[in-house]
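**Student:**
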DNA sequence: TGTTAGCACTCATTAATAGCGAGTGCTAAT
DNA sequence: ATTAGCACTCGCTATTAATGAGTGCTAACA
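Chains as they are written, first to last, in the numbering used here: chain A, 1466 to 1808; chain B, 1466 to 1808.
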């Protein structure tokens, strides 16, 4: 167990390093007003803290920097929740100022604002449509060979895809097709559609529609949900300004990873509701070794919809970011719940 | 006018620099097999070429590098069109291998493949919907207060937006609204819709729809086309690997510009059909000082739809990039024309 | 007269060197 | 238990010198 003095020193080291990005030495620590003992005492304590794994040296005679473990302890035990100042609150509120009814736009806005507020990179995972219910399927012929299928969910999400028509299909038959699909599938969850088409609708189609086999797969494909929800980014290039990324290999691997939606999705996928914090190597990703990721989820009622994350250096302003994320996600949840609860 | 020998030297300097990214000196030039005169002679010629503005020195005793003007001359007069090798052709063909009916996906694919083939950044400007004709407007109520309007064009493009309903609006009335809109607007170009709604449809709506004024603007907004077509990117981070961008300020301003869709749009907006080449400062953008942009347009029939560009360092493989872009854009135009011509 | 050999000069780059300063660990005195 | 003191480490910066790839200019040559 750490003594009070060790805690104090750890906290001051981390606060200082977050601010300066420079290793913190015993002498400069001893000058701080919070600290009333000599640099020699601090050196002894730092030596212990290092042995315990909370801080590290960059070389034998350097000052100390926090380790992942140090940040973890800081985040779990030492963090004083920061009050947002008026300007922050004002900016966050502006996300909801416009009357926007599309979830995606709101979420996208949140990412942008958040990145501006923090100067880090914001990543928002768009609302899941998996559990949305099908409102309506429209099939609209474009020309003799092609038609576009449009599905609309009960949250107003629209998704569409073109497919090829069999030669012989006429308008009446297309309409019949759409009717059957709507009769059978309206109200079903989006994620179940593809399944249901084969299990419950196929037979019906076979009876009523010519060229049934030709069109079945096209339709089924159309109803498939994308492998993951949309990702929205804000401040993708902000990390270029962080001193820890003034190293070409580091920035390159990070930027390349950010461009790869799959790996980003992998990073932010599983999150319990509330605030989730992954520090440095906890992210299990070499490109993220010097980064922390803080994620907050948003919901409608109790149903978790998506998440908003901040990606910053491990030397991140945890307190501020957590406060902001917490605030935004609560607001987002409240607004969305009010808008969409109990359709 | 340049002598043949000067042309030869200019060409060899540029070819060498494109390959090596290092200033080219007289001695190393004299060793090339194409060149059969002494380094002293070359120095004299280079001195002239510099005076004429085709090449530059990085410092008083350095080798020469091509200037923007040098590249421009090279591109306009010296470029030998390069034959694509089998592998390139194969990869380009793969863009069209899948049976995809959505223009946007094809264009997006082109950008990705092109960036992989060149290791530069590819930017595709999606198909313009401005001149598409309206196929159908659908209005689908989501709940008591909101509905989603969906418009479909004759090319299968779908665009949708949610809007708020007046309290008193019932289903029948919504349907009536949709019918009026379809009657009046089907077949009109997308860019004219917003206008027409106010000029030609407003009166009709006023007569038949309660709360006409409430809904008019919502509908009109929905029919507004976005300020510019979609942009698709490939290889956004490729420029990080170019030696000319191993400078933090440069890479930062370039990446930041790439993230700003507006400025990218500004760069690639106006292009005559065919291949367009902008070298370095010709782009009129400080972040692009060390970049060239080569753009090819694609069309359906003779109607220009969009463009595909390659953004690379001024020291770019012009010959190869031009060949690739030319090839892809022709293919794209051919495929699209075949698919969509004369709906 | 166009070409080339030769030479003095420039400048980026690299390696070696030294001094500075911020830091440490350890020891001994308080 | 705390602290003053001291030797030591190491990154950083500046200086210097050597190297080498390049230049421009001049004079000789074909």
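Quick reminder that beta carbons are idealized off the backbone N, C-alpha and C, glycines included.
1) Under 9 angstroms Cβ-Cβ, which residues of chain A neighbour residue 1724/B?
2) Between which two residues does the alpha helix (DSSP H) holding residue 1641/A run?
3) For the stretch 1594-1611 of chain B, which residues have a CB atom closer than 7 angstroms to at least one CB atom of chain A, in sequence order?
4) Any C-beta of chain B sitting closer than 8 angstroms to the C-beta of residue 1619/A?
5) So which of 1659/A, 1697/A, 1696/A and 1527/A has the shortest CA-CA distance to residue 1681/A?
6) Short of 8 angstroms Cβ to Cβ, which residues in the stretch 1613-1639 of chain B face chain A?
7) Quick check on the burial criterion: 16 or more other C-beta atoms within 10 angstroms. Buried or exposed for residue 1790/B?
8) Going along chain B in order, which residues have a C-beta closer than 9 angstroms to the C-beta of residue 1720/A?
9) What residues from chain B crowd round residue 1713/A, counting only those whose CB sits closer than 8 angstroms?
10) With C-beta atoms as the reference, is residue 1771/B less than 8 angstroms away from residue 1585/B?
11) When the Cβ atoms of the stretch 1623-1630 of chain B are set against those of the stretch 1616-1629 of chain A, are three or more pairs found closer than 8 angstroms?
12) List in chain order: all unbroken alpha helix (DSSP H) runs of 4+ residues lying wholly within the stretch 1694-1735 of chain B.
13) Any Cβ of chain B within less than 8 angstroms of the Cβ of residue 1444/A?
14) State yes or no: is the beta carbon of residue 1480/A nearer than 8 angstroms to at least one beta carbon in chain B?
15) Of the choices 1580/B, 1488/B, 1508/B and 1493/B, whose alpha-carbon is the least far from that of residue 1470/B?
16) Go ahead and pull the three-state DSSP assignment for residue 1763/A.
17) I need the straight-line Cα distance from residue 1632/B to residue 1561/B, nearest angstrom please.
18) Using 8 angstroms as the limit for Cβ to Cβ distance, is residue 1664/A near chain B?
19) Where does residue 1700/B land, buried or exposed, given buried means 16+ other C-beta within 10 angstroms?
20) To the nearest whole angstrom, what separates the beta carbons of residue 1780/B and residue 1482/B, a pair I think is in contact under 8 angstroms?
21) Ignoring anything shorter than 3 residues, give me the beta strand (DSSP E) runs that lie fully in the stretch 1491-1533 of chain A, in order along the chain.
22) Enumerate in chain order the residues of its own chain whose CB-to-CB distance from residue 1576/A is below 7 angstroms, with the five nearest sequence positions on each side excluded.
23) Considering only residues of the stretch 1547-1605 of chain B, which uninterrupted alpha helix (DSSP H) runs meet the minimum length of 4 residues and lie entirely inside it, listed in chain order?
24) Cutting at 7 angstroms between CB atoms, please list the residues of its own chain near residue 1662/A, excluding the five before and the five after it.
25) Please state the DSSP three-state secondary structure of residue 1659/A.
26) How would you list, in chain order, the residues of chain A whose beta-carbon sits under 8 angstroms from the beta-carbon of residue 1717/B?
27) Along chain A, in chain order, which residues have C-beta atoms closer than 8 angstroms to that of residue 1552/B?
28) Once DSSP output is grouped into helix, strand and coil, what is the label at residue 1627/A?
29) Does residue 1820/A come out as helix, strand or coil in the three-state DSSP assignment?
30) For residue 1688/B, which of helix, strand or coil comes out of DSSP?
31) Does DSSP classify residue 1748/A as helix, strand or coil?
32) Quick one, which of 1606/B, 1703/B, 1494/B and 1670/B has its alpha-carbon nearest residue 1721/A's?
33) With DSSP as the reference, label residue 1611/B as helix, strand or coil.
34) Measuring only the C-alpha atoms, how far is residue 1762/B from residue 1563/B?
35) Grouping DSSP H, G and I as helix and E and B as strand, with all else coil, what is residue 1621/B?
**Tutor:** With the given structure in hand:
1) Ordered by position in chain A, the residues that pass the 9 angstroms Cβ test against residue 1724/B are 1698, 1700, 1701 and 1702.
2) First-last of the alpha helix (DSSP H) with residue 1641/A: 1636-1650.
3) For the stretch 1594-1611 of chain B, residues whose beta-carbon sits nearer than 7 angstroms to a beta-carbon of chain A comprise 1600, 1601, 1603, 1605, 1607, 1608 and 1611.
4) Answer yes: the Cβ-Cβ gap between residue 1619/A and chain B drops below 8 angstroms somewhere.
5) In terms of Cα proximity to residue 1681/A, the closest of 1659/A, 1697/A, 1696/A and 1527/A is 1659/A.
6) Look at the stretch 1613-1639 of chain B: the residues with a C-beta under 8 angstroms from a C-beta of chain A are 1613, 1615, 1617, 1619, 1620, 1621, 1623, 1625, 1626, 1627, 1628 and 1629.
7) So residue 1790/B ends up on the buried side.
8) Counting only Cβ-Cβ distances below 9 angstroms, residue 1720/A has contacts in chain B at 1701, 1702, 1705 and 1720, in chain order.
9) Chain-order list of chain B residues neighbouring residue 1713/A: 1705 and 1711, by C-beta distance under 8 angstroms.
10) Residue 1585/B sits away from residue 1771/B, with the two beta carbons spaced by 8 angstroms or more.
11) At 8 angstroms Cβ cutoff, the stretches touch.
12) The stretch 1694-1735 of chain B contains these whole alpha helix (DSSP H) runs: 1713-1724 and 1726-1733.
13) Chain A is shown only over 1466 to 1808; residue 1444/A falls outside these bounds and no answer can be derived.
14) At a cut-off of 8 angstroms between C-beta atoms, residue 1480/A does not count as an interface residue with respect to chain B.
15) Considering only alpha carbons, the answer is 1508/B.
16) In the structure shown, residue 1763/A sits in a strand (DSSP, three-state: E or B).
17) If you take the alpha carbons of residue 1632/B and residue 1561/B, they lie about 49 angstroms apart.
18) No, because no Cβ of chain B sits closer than 8 angstroms to the Cβ of residue 1664/A.
19) When all chains shown are included, residue 1700/B counts as buried.
20) Between residue 1482/B and residue 1780/B the Cβ distance is about 6 angstroms, and since that is below 8 angstroms, they are a contact.
21) Correct list: 1520-1522 and 1529-1531.
22) Once the five neighbours on either side are set aside, the close Cβ partners of residue 1576/A are 1587, 1588, 1589, 1697, 1698, 1699 and 1773.
23) Listed in chain order, the complete alpha helix (DSSP H) runs (minimum 4 residues) inside the stretch 1547-1605 of chain B are 1551-1560 and 1568-1583.
24) Around residue 1662/A, the same chain offers 1684, 1685 and 1688 as residues with beta carbons nearer than 7 angstroms, after the five sequence neighbours per side are excluded.
25) Of the three classes helix, strand and coil, the one that applies to residue 1659/A here is helix, per DSSP.
26) Within 8 angstroms of the CB of residue 1717/B, the CB atoms of chain A belong to 1702, 1705 and 1706, in sequence order along the chain.
27) Contact of residue 1552/B with chain A by beta-carbon distance below 8 angstroms is absent, the smallest such distance being about 24 angstroms.
28) Strand, per DSSP.
29) No information on residue 1820/A is available, as it lies outside the stretch 1466 to 1808 that chain A covers here.
30) For residue 1688/B, the three-state secondary structure derived from DSSP is coil.
31) In the structure shown, residue 1748/A sits in a helix (DSSP, three-state: H, G or I).
32) Of the listed residues, the one whose Cα sits closest to residue 1721/A is 1703/B.
33) Residue 1611/B sits in a strand when the DSSP states are folded into three classes.
34) The alpha-carbon atoms of residue 1762/B and residue 1563/B are separated by roughly 22 angstroms.
35) The answer is coil: DSSP assigns residue 1621/B none of H, G, I, E or B.
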